[in-house]
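Engineer:
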Amino acid sequence: DQDICIGASVQLTASGGLTYLWMPPTYLNNANIPNPVSTPLFTTTYAVKVTAGSNCPPSTDTVTVVVHPIPPVYAGMDTTIMAGTGVTLTATGGGVIYQWSPYSTLSCSACTTPYANPLQTTTYIVITTDVFGCRNQDTVTVFVEDMLTLYVPNAFTPSNHDAYNGIFYAYGIGIYQFEFYI
């Protein structure tokens, strides 16, 4: 018996005869040869009838090709970060092995939740492999925006007790860290 992933092919093998007849012929490239290639869409049991000559009774044997589905995988939704920051990516699905690429800006490449810290917009690919060796992949794009907004007031009123503009400070969007000196 053979295990394959859906969409894959496997070569069946029989020997010892002059003629061969594989049944069912569905998903075989040739049902009348000793080693046809099978590309079934679902688990299929094939029987082969082998005839060695007119004086010998035919022999029959079977082989089952077990077709496993492709494991599901989801890399998450695309996201946008500000330059200099990062984001945790999360892969979910039916695999037992996960492999991310490109790995140069990831905290780990063989885990389900790497931390990504790209310097520019990057599309990451995660490939998962299940216990049968079947593989699937998904992508997620981390968009990096360089836009920084800084607001520094040009005046303040610290002593009028109206709760507006009483503190002089700078603030903005996309700023990770800054120092302010007067």
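Quick note: the sequence shown uses the numbering used here, first residue 360, plus one each step. Note that CB positions come from ideal geometry on N, CA and C, so glycine has one too.
#1: CB-CB under 7 Å to ALA475, same chain, minus the five flanking residues each way: which ones, in chain order?
#2: Per DSSP, what kind of secondary structure is GLN479 in: helix, strand or coil?
#3: Tell me the DSSP bridge mates of SER418?
#4: Figure out for me which residue from TYR530, ILE486 and GLY454 has the closest Cα to the Cα of SER468.
#5: Please work out which residues of its chain come closer than 8 Å, Cβ to Cβ, to THR471, disregarding the five sequence neighbours upstream and downstream, and give them in chain order.
#6: What residue range is occupied by the uninterrupted beta strand (DSSP E) comprising THR439?
#7: What's the gap between the Cα of PRO399 and the Cα of ILE363?
#8: Is it the case that the stretch 389 to 398 contacts the stretch 428 to 437, given that we only count it when at least three CB pairs across the two stretches are under 8 Å?
#9: For TYR523, I'd like the list of residues in its chain whose CB is within less than 8 Å of its CB, leaving aside the five on either flank, ordered along the chain.
#10: What would DSSP say about GLY435, mapped onto helix, strand or coil?
#11: Does DSSP classify ILE484 as helix, strand or coil?
#12: LEU371 lies in the beta strand (DSSP E); which residues open and close that run?
#13: Assuming ASP360 and THR419 are in contact, meaning their beta carbons sit under 8 Å apart, how far apart are those beta carbons, in whole angstroms?
#14: Can you give me the Cβ contacts of PHE539 inside the same chain, cut-off strictly under 8 Å, excluding the 5 residues immediately before and after it?
#15: How many Å lie between MET441 and TYR510 at the Cα?
#16: Do THR410 and ASN394 have their CB atoms nearer than 7 Å?
Structural biologist: Result, derived from the coordinates:
#1: Your numbering for residue 475 matches position 116 in the sequence shown. Counting only Cβ-Cβ distances below 7 Å, and skipping sequence neighbours, we find GLY445, VAL446, LEU448, THR464, LEU465, TYR483 and VAL501.
#2: In the sequence shown, the residue the question calls residue 479 occupies position 120. Three-state DSSP puts GLN479 in coil, outside helix and strand.
#3: For the purposes of this step, residue 418 is taken as the residue at position 59 of the sequence shown. Bridge partners of SER418: VAL409.
#4: Locating residue 468 in the sequence shown gives position 109, counting from the first residue. Taking only the C-alpha atoms, the option nearest SER468 is ILE486.
#5: Your numbering for residue 471 matches position 112 in the sequence shown. Correct list, in chain order: THR449, ALA450, THR451 and TYR457.
#6: On the sequence shown, residue 439 is found 80 positions in, with the first residue counted as 1. It spans 438 to 441 - the beta strand (DSSP E) in which THR439 sits, taken as one unbroken run.
#7: What you label residue 399 is simply residue 40 of the sequence shown in a count that begins at 1. What you label residue 363 is simply residue 4 of the sequence shown in a count that begins at 1. Those two C-alpha atoms are separated by around 9 Å.
#8: no
#9: The residue given as residue 523 occupies position 164 in the sequence shown. Result list for TYR523: THR516, in chain order.
#10: For the purposes of this step, residue 435 is taken as the residue at position 76 of the sequence shown. Reduced to three states, the DSSP call for GLY435 is coil.
#11: Your numbering for residue 484 matches position 125 in the sequence shown. DSSP places ILE484 in strand when its eight states are reduced to three.
#12: Numbered from 1 along the sequence shown, position 12 holds the residue referred to as residue 371. Element bounds for LEU371: n/a, residue is neither H nor E.
#13: Along the sequence shown, read from residue 1 onward, the residue named residue 360 stands at position 1. Along the sequence shown, read from residue 1 onward, the residue named residue 419 stands at position 60. Not really, about 16 Å apart at Cβ, beyond 8 Å.
#14: For this step, residue 539 is matched to residue 180 along the sequence shown. Here the set comprises TYR528 and ALA529.
#15: As a working mapping, residue 441 is identified with position 82 in the sequence shown. As a working mapping, residue 510 is identified with position 151 in the sequence shown. Using only the alpha carbons, I get a separation of about 17 Å.
#16: As a first step, residue 410 is located in the sequence shown; it is residue number 51 there, counting from the start. As a first step, residue 394 is located in the sequence shown; it is residue number 35 there, counting from the start. In this structure, ASN394 does not lie closer than 7 Å to THR410 by Cβ.
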